[in-house]
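A.B. asks: Going by the numbering used here, the sequence shown opens with residue 262, and the numbers climb by one from there. Note that CB positions come from ideal geometry on N, CA and C, so glycine has one too.
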Amino acid sequence: MPHKSPHIDFPGQPLLGNANRLLNDALNFMSEMSNTGKKVVSFKIGRETCYLYNHPDLIERVYRSKQKNYERSDYYDRLKPFLGEGLLTLEGPKWRQQRSVAQPSFKGSCLKEMTDQMALSADQNVKALINNATNNKHPVDMIEFSLSITLDIALRTMFTTQLKEGVLSKLYDAMTVALREMEKKLWSALPLPMWLPTKRHRRYKRAVGYIDELVLDLINERVKRPRGETNDLLEAIIQGEIDLNGKNNIDQQSLLDQVKLILVASHETVTSSISWSLLCLSKHPEWHTKLKTEAETVLGDNLAGFDDIANLPLSKAFFEEVLRLYPAAWSFSRKTIDEDVLDDGTVIPAGSTVVTAPYIIQRHPDFWHNPEGFDPARFLKSDDKLQQHPFAFFPFAAGKHVCLGNRFAMLEGVIILSSLVRAGEYHLLPGTHVEAEPAMTLRPKAPLLMTVHPQQKIDQKKQAGAA
Ligand code: HEM
Numbered sequence: 262m263p264h265k266s267p268h269i270d271f272p273g274q275p276l277l278g279n280a281n282r283l284l285n286d287a288l289n290f291m292s293e294m295s296n297t298g299k300k301v302v303s304f305k306i307g308r309e310t311c312y313l314y315n316h317p318d319l320i321e322r323v324y325r326s327k328q329k330n331y332e333r334s335d336y337y338d339r340l341k342p343f344l345g346e347g348l349l350t351l352e353g354p355k356w357r358q359q360r361s362v363a364q365p366s367f368k369g370s371c372l373k374e375m376t377d378q379m380a381l382s383a384d385q386n387v388k389a390l391i392n393n394a395t396n397n398k399h400p401v402d403m404i405e406f407s408l409s410i411t412l413d414i415a416l417r418t419m420f421t422t423q424l425k426e427g428v429l430s431k432l433y434d435a436m437t438v439a440l441r442e443m444e445k446k447l448w449s450a451l452p453l454p455m456w457l458p459t460k461r462h463r464r465y466k467r468a469v470g471y472i473d474e475l476v477l478d479l480i481n482e483r484v485k486r487p488r489g490e491t492n493d494l495l496e497a498i499i500q501g502e503i504d505l506n507g508k509n510n511i512d513q514q515s516l517l518d519q520v521k522l523i524l525v526a527s528h529e530t531v532t533s534s535i536s537w538s539l540l541c542l543s544k545h546p547e548w549h550t551k552l553k554t555e556a557e558t559v560l561g562d563n564l565a566g567f568d569d570i571a572n573l574p575l576s577k578a579f580f581e582e583v584l585r586l587y588p589a590a591w592s593f594s595r596k597t598i599d600e601d602v603l604d605d606g607t608v609i610p611a612g613s614t615v616v617t618a619p620y621i622i623q624r625h626p627d628f629w630h631n632p633e634g635f636d637p638a639r640f641l642k643s644d645d646k647l648q649q650h651p652f653a654f655f656p657f658a659a660g661k662h663v664c665l666g667n668r669f670a671m672l673e674g675v676i677i678l679s680s681l682v683r684a685g686e687y688h689l690l691p692g693t694h695v696e697a698e699p700a701m702t703l704r705p706k707a708p709l710l711m712t713v714h715p716q717q718k719i720d721q722k723k724q725a726g727a728a
């Protein structure tokens, strides 16, 4: 009997499979696969057969009930030329060691301290944005603004440092070049090896060189200081390295990889979420007013503190709705260790790549009312939450690799929003159509040009009206 190849739902082109569609039209392609209504959809990338898991039950399987059988896929190795061996690219004992070193820096008491720095940075950056916009009267690229505020917050909270204006903007330029190159490598059927001296590779290497030098300076400066003098994530990472290898055998490469990974993971994702939040504020002015009223009532003119966050439920729901519709980590994959036989009998062979996509599941019409509509109130209704499948919303993944900074990111989102709505109004230039760019993170396509106007206080407006 000749061997019959299993049916592939989306075979794509010979040799390439769907690599080109994933590079150029990923969201439509994934939506098409999801619209088949099948729980598991098979497709090719190059010669490899991959599987899209298109049901929250299967997301639960990957990240909870069968998580031991689902490891990070080989696609994460493609990030290593830039990110090296850090939490996002590792599995096994090395991952566990790094995670146990970093985890304590994100517990409640540390988050409480970090909140003050976040609020201060948000306040200063938003005030600078409003001042510049008022003086220059030019539209502002809100992606640039989001990048600079999130990088500033990451550096202040986790590394207790601040970069000068010029250095900060050079750093995010370099980050942009490096990340864009990694994105190209991520989906390519046959990624070009980095040693090939193409113009793009040379540009990429210059960018990575700049980032590495800056991060190494930060590390070396700290290593020289007495241990324990500063209490932050950088200190925990250095101490972890000393505990592992001894004071005289510090592995600089490992320190560089760990710090760089956190810097990238923490600012790129939040940048995308803040950019989308600004777009949603501009498109849904009624929500701007609700958030502003909430922030003014709870905070007045004060900076937000850790204990205030629980009193800003509308801002939290708004940020959650942004993460539902525009999940920064829009898709990520795992590899089966052993064959997995699903409940309906579908066989997923050992070593298969399985794609899980918040962008797809969080807009799935079987699990969400009005899935494409922007409605933060859905996160406030307890009855709706009960109807919702617990794995229909997973912007931070779940299980052992759940985002290390999930609580940090939620705090940061709410704090930045509460500063933005109190200080200004943000209007997309008329006639602008904003497309989503599914790169390493899901971003609005740059530039995201908006006009910025200083905000009047609600009671001032009332007084002006009465007069
Ligand atoms: C809105 C913002 C964020 C989103 C949507 C997000 C999403 C995610 C997701 C989905 C993962 C799992 C990826 C995978 O396993 O393939 C992840 C992992 C990770 N995230 Fe985040 N993240 C955000 C912000 C942050 C922040 C602020 C930090 C740092 C403070 C951070 C640090 C990390 C790290 C270190 C990992 C790897 C965890 C591990 O495997 O142990 N993230 N994130």
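1. Does the beta-carbon of residue 591 have 16 or more other beta-carbons within 10 angstroms, so that it is buried, or is it exposed?
2. Whole-angstrom Cβ separation of residue 319 and residue 302, contact assumed at under 8 Å?
3. Could you give the distance in angstroms between the alpha-carbon of residue 696 and the alpha-carbon of residue 510?
4. Can you list, in chain order, the residues of its chain whose CB lies under 6 Å from that of residue 404, leaving out five sequence neighbours each side?
5. Starting from the C-beta of residue 530, find all residues in its chain whose C-beta is less than 6 Å away, skip the five residues before and the five after it, and write them out in chain order.
6. Pull up the distance between the alpha-carbon of residue 505 and that of residue 663, whole angstroms please.
7. Just the C-alpha distance for residue 556 and residue 632, rounded to the nearest angstrom, thanks.
8. To the nearest angstrom, how far is the alpha carbon of residue 379 from that of residue 713?
9. Please determine, among 582, 500 and 383, the residue with the shortest C-alpha to C-alpha distance to residue 416.
10. Under DSSP, the alpha helix (DSSP H) around residue 535 begins and ends at which residues?
11. Which runs of the alpha helix (DSSP H) spanning at least 4 residues fall entirely within the stretch 597-684, listed in chain order?
12. Short of 7 Å in beta carbon distance, which residues of its chain neighbour residue 601, apart from the five on each side in sequence? Order them along the chain.
13. I need the straight-line Cα distance from residue 502 to residue 443, nearest angstrom please.
14. Judging by CA-CA distance, which residue of 398, 638 and 322 is the nearest neighbour of residue 617?
15. Measuring from the CB of residue 534, is there a heavy atom of the ligand HEM at a distance below 7 Å?
16. Could you give the residue range of the beta strand (DSSP E) that holds residue 693?
17. Assign residue 472 to one of three DSSP states: helix, strand, or coil.
18. According to the neighbour-count rule (16 or more other Cβ atoms, all chains shown, within 10 Å of its Cβ), is residue 467 buried or exposed?
19. Considering Cα atoms alone, identify which of 413, 682 and 351 is closest to residue 532.
20. In chain order, what residues place their C-beta within less than 5 Å of a heavy atom belonging to the ligand HEM?
21. In terms of alpha-carbon separation, which member of 540, 482 and 542 lies closest to residue 238?
22. Determine the contact status of residue 349 and residue 337, defining contact as a CB-CB distance below 8 Å.
23. Counting Cβ pairs, one atom from each stretch, are 3 or more of them under 8 Å apart for the stretch 365-374 and the stretch 656-672?
24. For a test of the three-state rule: what should DSSP assign to residue 459, helix, strand or coil?
25. Just mark residue 673 as buried or exposed, buried being the case when its beta carbon has 16 or more other beta carbons within 10 Å.
26. Roughly how far, in whole angstroms, is the beta-carbon of residue 560 from the beta-carbon of residue 569, given that I think they are within contact range, below 8 Å?
27. Could you name the residues of the same chain whose beta carbon sits closer than 8 Å to that of residue 476, not counting the 5 residues immediately before and after it, in chain order?
28. According to DSSP, is residue 317 part of a helix, a strand, or is it coil?
29. What would DSSP say about residue 482, mapped onto helix, strand or coil?
30. Could you tell me the distance, in whole angstroms, from the CA atom of residue 347 to the CA atom of residue 456?
31. Let me check one thing: in DSSP terms, what residues is residue 391 bridge-paired to?
32. Which two residues bound the contiguous beta strand (DSSP E) that contains residue 711?
33. Is residue 421 helix, strand or coil by DSSP?
34. Label residue 543 either buried or exposed according to how many other C-beta atoms from any shown protein chain fall within 10 Å of its C-beta, with 16 as the threshold for buried.
C.D. replies: If we stick to the structure as given:
1. buried
2. That belief does not hold up - the Cβ atoms of residue 319 and residue 302 are roughly 11 Å apart, past 8 Å.
3. 49 Å
4. 536, 707 and 709, listed in sequence order.
5. 589 and 702
6. 24 Å
7. Spanning the two alpha carbons is a distance of roughly 27 Å.
8. 22 Å
9. 383
10. 513-544
11. 619-622, 643-648 and 667-684
12. 327, 330 and 609
13. 27 Å
14. 322
15. yes
16. Run containing residue 693: none; DSSP gives neither H nor E here.
17. helix
18. exposed
19. Selected option, being the one with the closest Cα: 413.
20. My final list is 348, 349, 360, 526, 527, 530, 531, 534, 589, 590, 593, 656, 657, 658, 662, 664, 665, 666, 669 and 670.
21. The displayed coordinates of the chain run from 262 to 728. Any statement about residue 238 would go beyond what the structure contains.
22. yes
23. yes
24. coil
25. buried
26. 6 Å
27. 517, 520, 521 and 524
28. Helix, per DSSP.
29. It is helical.
30. Near 22 Å, if we compare the C-alpha coordinates of residue 456 and residue 347.
31. Beta-bridge pairing links residue 391 to no other residue.
32. 710-715
33. coil
34. buried
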